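Enquirer: Following this message is one structure expressed as structure tokens.
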Amino acid sequence: MVATTAFVAGGTLMTATSASATVDPPGGSWDHTWKTTDADKGGTVYVEENGDVVSVCDSAADGLAARASIAVQDSSGAYPERYLLVASGGLGSCATARASDGGKHDLPEHVNIGVTVYLGTNFQHASTHYYLNDH
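Numbered by mature numbering (1 follows the signal peptide of the UniProt record, and there is no 0), the letters in the sequence shown go through residues -21 to -1, 1 to 114 in order.
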């Protein structure tokens, strides 16, 4: 497996690795798995609440990078974006963040988290979901 480290907008450091379209979840399973709304389901986001592991993978050869926007509900009820992951290596590539990366990747406990998975830069085929980060 080849690992590439890259900076994305906002200075977030993330690692994209070459992987098969089937991703092995940490600890044997993911708490949440969501896909984009296109016919090919070109983007998939995986969430493991324990350790705040979030991985987005490109699952279709459609020329569009899969992205996952992670947002944390604030006291007003709004969901400002906390960070963005981009699987920019084409089909089978993934980008992953975890609490152990520190900073904005360490999501607060007992707070609602919003996850939007989409393709390209214009929120194509976006699918938004929410969960209570309770472990």
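By construction, the Cβ of each residue, glycine as well, lies at the ideal position given by its N, Cα and C atoms. These numbers were taken from a predicted model, which means no experiment stands behind them.
1. Taking the beta strand (DSSP E) that residue 117 falls in, what are its first and last residues?
2. Please report the straight-line C-alpha distance between residue 17 and residue 60, rounded to a whole angstrom.
3. Are residue 21 and residue 52 touching if we call contact CB-CB under 8 angstroms?
4. Please classify residue 80: does DSSP put it in a helix, a strand, or coil?
5. Does DSSP put residue 9 in a helix, in a strand, or in coil?
Expert: On the basis of the coordinates in this document:
1. Because residue 117 is not part of the residues shown, which for the chain are -21 to 114, the question remains open.
2. Spanning the two alpha carbons is a distance of roughly 23 angstroms.
3. Contact: no.
4. Residue 80 falls in the helix class under three-state DSSP.
5. Coil at residue 9, not helix or strand.
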